[in-house]
Amino acid sequence: MIGLAAMDPALAETAANAAMAKQEGSRTIRVLPLGDSITQGGRSDRPEYTYRYPLYFMLKDAGYDVDFIGSQHAGLEESATWPDRNGVAFDPDHEGHYGWTTAEVRNHLQEWLSKYPAPPDIALIDLGSNDQEADSYQTAIVEPLKDIVAMLREKNPNVVVLLGHILANGRKARSIRPLLEQVARETRTPVSPVETVLHYKNWHERPGLPYSDTFDWAHPNPSGQRKMADNYFAAMRPYLDRLQSGEVGVAHRAQSE
């Protein structure tokens with residue numbers, strides 16, 4: 001993760017644009033990581049830092065002034081830690097809840113949003129992994145996700161919502177994919193984009209293999225955390241400069257497959 005801007009010409013250009021925006025007057029971009037254990041992480045027996053850790057430093061290296069927000073500040077185990085990087089502290093705020101379903105998160109979101117100092121500009125949603133055994137995906141995933149988008153818009157009508165696809169490539173996860181695309185199509189608006197993030201592409205969940213992206217079939221190891229961060233960063237990039245410059249209604253139609 002060190003020296004990303006120097007290694008990646010596209011990232012270096014992004015950093016230069018962000019720096020120019022800062023000189024011209026900019027604002028902090030508030031990012032809400034919202035999800036289950038894949039968002040929370042924090043087991044002390046392994047480096048379960050989640051995608052939030054590499055993503056935060058990608059954004060900082062690119063020159064963006066970001067503030068991760070959420071009512072949570074720790075992992076599953078209080079003893080788990082997120083190390084500083086080159087003297088820069090990681091921003092630990094998030095809204096990840098180990099083992100929670102989409103509906104459980106939906107049922108508490110209104111309360112959490114009311115306590116944030118300011119609403120999110122971008123919401124990174126990673127839910128559905130704990131709903132794969134549900135009797136009805138419509139009830140367990142589709143309806144709660146639509147409610148979540150509506151709640152976010154009540155606080156910020158211009159919020160950018162990025163829906164992460166389930167990491168797994170099993171039959172149940174594959175059957176959920178078109179439903180997530182449906183949610184994005186039916187909820188996006190010209191001023192509040194809702195786009196999907198295809199985390200399952202190039203994903204290897206089988207532990208024990210040298211190229212595995214998980215500790216245990218479900219929770220990303222550092223390789224998987226970095227892949228997720230890369231995917232979210234790529235999905236965020238069309239909006240970041242305009243958000244940092246203070247524009248609202250930053251509509252952009254990303255290409256979905």
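End of the sequence shown = 257 in the working numbering, gap-free, step of one.
Even for Gly, the Cβ is constructed at its ideal location relative to N, Cα and C.
A quick note: this is a predicted structure, and the numbers were derived from the prediction, not measured.
Residue i and residue j closer than 9 Å at C-beta
i: Leu32; j: Ile166; result: no
i: Arg188; j: Ile148; result: no
i: Asp36; j: Gly75; result: no
i: Gly164; j: Tyr53; result: no
i: Asp84; j: Ser26; result: no
Distance between residue j and residue i (C-alpha atoms, nearest Å)
i: Leu179; j: Gly87; result: 42 Å
i: Lys115; j: Ser71; result: 8 Å
i: Ser136; j: Glu195; result: 23 Å
i: Pro157; j: Tyr239; result: 15 Å
i: Glu111; j: Lys155; result: 12 Å
i: Pro190; j: Val161; result: 12 Å
i: Ser79; j: Ile38; result: 18 Å
i: Glu205; j: Gly63; result: 32 Å
i: Ala21; j: Asp61; result: Its pLDDT being 44, under 50, Ala21 is placed unreliably in this model, and the value from its coordinates should be taken loosely. Whole-angstrom Cα-Cα distance: 15 Å.
i: Ile2; j: Asp213; result: At Ile2, the pLDDT of 34 sits below 50, so the modelled position is not reliable and the matter cannot be decided from this model.
i: Ala118; j: Arg30; result: 8 Å
i: Gly96; j: Tyr51; result: 12 Å
i: Thr101; j: Phe68; result: 22 Å
i: His94; j: Leu34; result: 7 Å
Burial state of residue i (16 or more Cβ within 10 Å)
i: Ser44; result: exposed
i: Glu24; result: In this prediction, Glu24 has a pLDDT of 49, which is less than 50 and means its spatial position is unreliable; nothing more can be read from the coordinates.
i: Thr139; result: exposed
i: Leu184; result: The sequence shown places Ala at residue 184, not Leu. With 16 or more other Cβ atoms within 10 Å, it is buried.
i: Tyr56; result: buried
Bridge-paired residues (DSSP) for residue i
i: Glu95; result: Leu34
i: Asp67; result: Arg30
Endpoints, beta strand (DSSP E) assigned at residue i
i: Ile122; result: 122 to 126
Extent of the continuous alpha helix (DSSP H) run through residue i
i: Leu109; result: 102 to 115
i: Phe57; result: 52 to 61
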